[in-house]
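Reading through the structure tokens given below for one structure.
Numbering (my numbering), first residue to last: 151 to 355.
Listed below in structure tokens is the structure:
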């Protein structure tokens, strides 16, 4: 083996070690055991959620962005998360997750564009979900391997980061925030019922 071959082999080993030990893929649920606040799917993926996100292509540049409204509903250990996306390129998309809590801190997730079942695990303040997604035809129709991490912050905001890969190579990355929609409080408007007590005795303008 000549010197060039040895150098190339060392470089390949270094790239492999970096990818496995010093990257997004290197983290595991055990890294977050005991962290808080504790992530609860039934609590934190429930009700109306507002999301904003960025999508990056394989070159690291932002390729698209979106805003989304999500609605989570639960009955026992089964829940749904309906998602309504509007992208910066004008495209709109609706999808729906079906979530089922399993034993321990595990759960499964299915959707119309998912191959089989996604497998998830809850650990401390985090959720890891892995699945295979089929892109729409206008996006190439490819099947991608997705690793999806959600991190719950102290104020109830969820930070979401996902990597999408094909043949082991990263082809896209998503970064998004998910926060509970603010409560809508009704406010009494004077005169709204046809009578404004404060108007009595006022001169006409």
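By construction, the Cβ of each residue, glycine as well, lies at the ideal position given by its N, Cα and C atoms.
query: Near residue 291, which residues of its chain fall below 8 Å by C-beta distance, leaving aside the five closest residues on each side in sequence?
result: 284 and 285
message: Using a Cβ-Cβ cutoff of less than 7 Å, which residues in the same chain neighbour residue 239 once the five nearest sequence positions on both sides are dropped?
response: For residue 239, same chain residues with a beta-carbon under 7 Å away, outside a window of 5 residues either side, are 214 in chain order.
message: Let me confirm a value: residue 192 is counted as buried when at least 16 other C-beta atoms fall within 10 Å, else exposed. Which label applies?
response: exposed
- prompt: When the Cα of residue 146 is compared with those of 272, 280, 300 and 260, which residue comes out closest?
  reply: Examination of residue 146 is not possible in this model, given that the chain is present from 151 through 355 alone.
- prompt: Cα separation between residue 280 and residue 152?
  reply: 41 Å
field: Every unbroken beta strand (DSSP E) inside the segment 232-290 [3 residues or more]
entry: 242-251, 256-260, 268-273 and 276-284
message: With H, G and I counted as helix, E and B as strand and the rest as coil, what does DSSP make of residue 189?
response: Reduced to three states, the DSSP call for residue 189 is coil.
task: Could you have a look at residue 152 and say whether DSSP puts it in helix, strand or coil?
output: Correct three-state label for residue 152: coil.
message: According to DSSP, simplified to helix, strand and coil, what is residue 332?
response: coil
message: Rounded to the nearest angstrom, what separates residue 305 and residue 332 at their Cα positions?
response: 13 Å
task: Could you check which residue in 309, 202 and 248 has the C-alpha nearest to that of residue 224?
output: Out of 309, 202 and 248, 248 has the C-alpha closest to the C-alpha of residue 224.
- prompt: Is the distance from the Cβ of residue 302 to the Cβ of residue 315 below 8 Å?
  reply: no
task: Let me know if residue 211 comes out buried or exposed under the rule of 16 or more other beta-carbons within 10 Å of its beta-carbon.
output: exposed
task: Please classify residue 317: does DSSP put it in a helix, a strand, or coil?
output: coil
query: In three-state terms, what does DSSP make of residue 178?
result: coil
message: For a quick check, are the C-beta atoms of residue 203 and residue 189 less than 8 Å apart?
response: no
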